[in-house]
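Q: In order, the protein sequence lines correspond to chains L and D. First residue of the first sequence: 1429, per our numbering; consecutive thereafter. First residue of the second sequence: 1429, per our numbering; consecutive thereafter. Heads up, the beta-carbon is just placed ideally off N, CA and C, and yes, glycines get one too. For clarity, every value in this text was computed on a predicted model and none was experimentally measured.
Number of protein chains: 2
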Amino acid sequence: MPSVMYKYEARANIIKAMAHPTRLLIIEKLVEREHCVCELTDFVGDDISTVSKHLSVLKNAGIVTDDKRGTMVFYHLKVPCILQFLGCIEKVIHDRAKEQLASVG
Amino acid sequence: MPSVMYKYEARANIIKAMAHPTRLLIIEKLVEREHCVCELTDFVGDDISTVSKHLSVLKNAGIVTDDKRGTMVFYHLKVPCILQFLGCIEKVIHDRAKEQLASVG
DNA sequence: TGGTTATTTGGTAAAATAGTAAAACAAGCA
DNA sequence: TGCTTGTTTTACTATTTTACCAAATAACCA
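1) If I measure Cβ to Cβ from Leu1514 of chain D and keep anything under 6 Å in the same chain, skipping five residues before and after, which residues do I get?
2) Just to confirm, is the Cβ distance from Arg1487 of chain L to Thr1478 of chain L under 9 Å?
3) On the premise that Lys1457 of chain L lies in contact with His1448 of chain L, defined as a C-beta separation below 8 Å, what is that separation, rounded to the nearest angstrom?
4) Helix, strand or coil for Asp1523 of chain L? Go by DSSP, reduced to three states.
5) By DSSP, does Lys1506 of chain D sit in helix, in strand, or in coil?
6) At 7 Å on the CB atoms, spell out the chain D contacts of Phe1502 of chain L, in chain order.
7) Please give me, in chain order, every unbroken run of the beta strand (DSSP E) with length at least 3 that falls completely inside the region 1463-1498 of chain L.
8) Tell me the rounded alpha-carbon separation between Arg1461 of chain L and Ile1455 of chain L.
9) Please confirm if Ile1476 of chain D has its CB atom under 9 Å from at least one CB of chain L.
10) At which residues does the alpha helix (DSSP H) containing Ala1440 of chain D begin and terminate?
11) If you drop the 5 nearest sequence neighbours on each side, which residues of the same chain put their C-beta closer than 7 Å to that of Ser1480 of chain L?
12) Since Arg1451 of chain L is in the alpha helix (DSSP H), which residue starts that stretch and which ends it?
13) Whole angstroms is fine: what's the gap from Pro1529 of chain L's alpha carbon to Lys1444 of chain D's?
Dropping the structure here:
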């Protein structure tokens, strides 16, 4: 195993933090502007404790930051370049769909 | 839960496929050119069955394609835009390192 | 202080994932 | 056909992740 493996582990941890449908939904929602946990909970539709945990995963990974104002905690996206990546992901999905059509028809 | 959730699940599946240090290493290796399982096994240093499984995960996600030539199977990266994303990930890591320094000093 | 709202934490059962050894398969050659 | 090499699949256990509920915490207001 290459000795630079720790570098890939650090990267994998961040990617892992993104690798959940709900967290992707949250990330995309946070692109427009910051949101409090309660707003994100309404939007996602899971239990608030579940949403809070997803947000802590994103925070630990360094993808979002939190800001407590009064009783509410606002989260905001720290790394907008993640959006470009989602475009790349769409390309994978699109390419695959096209191939499946080709192999059928 | 939003009814578009299947879309986020599809994305998450692809991201999940990337979220492993060895698979990131393989992806980066495949940027230069295609490689057979045996070459990747030497490079990564894991058991060939382990590497093969990682490759099948990447293949199922649509990130690589395989091409059997004789007894060997060559894999090649289908989505080079993934590399840009790795740049974004580096930014997350770098930002976080900077903050940790700031909070200490 | 007591009550209310917003969020996080802890515990737990269910689901998903990782890792690997062994078996299976496929291609080429004697 | 049978042997060898290269790769894939299967089967299994161990580990991790997830989602919910309930309890704990924190900030504010009366």
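A: Walking through what the data contain:
1) Against the second sequence, residue 1514 of chain D aligns to sequence position 86. Cβ neighbours of Leu1514 of chain D beyond the five flanking positions: none.
2) Position 59 of the first sequence holds residue 1487 of chain L. Position 50 of the first sequence holds residue 1478 of chain L. Residue 1487 of chain L is actually Lys in this sequence, not Arg. No. Outside cutoff.
3) Indexing the first sequence from 1 puts residue 1448 of chain L at position 20. Indexing the first sequence from 1 puts residue 1457 of chain L at position 29. The pair is not a contact, with the Cβ atoms about 14 Å apart (cut-off 8 Å).
4) Here residue 1523 of chain L is taken as the residue at index 95 of the first sequence, counted from 1. Three-state result, Asp1523 of chain L: helix.
5) Taking the second sequence and counting its residues from 1, the one referred to as residue 1506 of chain D is at position 78. Reduced to three states, the DSSP call for Lys1506 of chain D is coil.
6) One-based indexing of the first sequence puts residue 1502 of chain L at position 74. The CB of Phe1502 of chain L never comes closer than 7 Å to any CB in chain D; the least such distance is about 18 Å.
7) The qualifying runs are 1492-1497.
8) Counting from 1 along the first sequence, the entry for residue 1461 of chain L is found at position 33. Counting from 1 along the first sequence, the entry for residue 1455 of chain L is found at position 27. Distance between the alpha carbons of Arg1461 of chain L and Ile1455 of chain L is about 10 Å.
9) Position 48 of the second sequence, counting from 1, holds the residue named residue 1476 of chain D. Not an interface residue.
10) Counting from one through the second sequence, the residue named residue 1440 of chain D turns up at place 12. According to the DSSP assignment, Ala1440 of chain D belongs to the alpha helix (DSSP H) that extends over Met1433 to Met1446.
11) Translated into positions along the first sequence, residue 1480 of chain L becomes position 52. So the qualifying residues of the chain are Val1465.
12) What you label residue 1451 of chain L is simply residue 23 of the first sequence in a count that begins at 1. Start and end: Pro1449 to Glu1460.
13) Residue mapping note: residue 1529 of chain L aligns to position 101 of the first sequence, counting from 1. Residue mapping note: residue 1444 of chain D aligns to position 16 of the second sequence, counting from 1. The sequence given here has Leu at residue 1529 of chain L, not Pro. Computed Cα separation, rounded: 24 Å.
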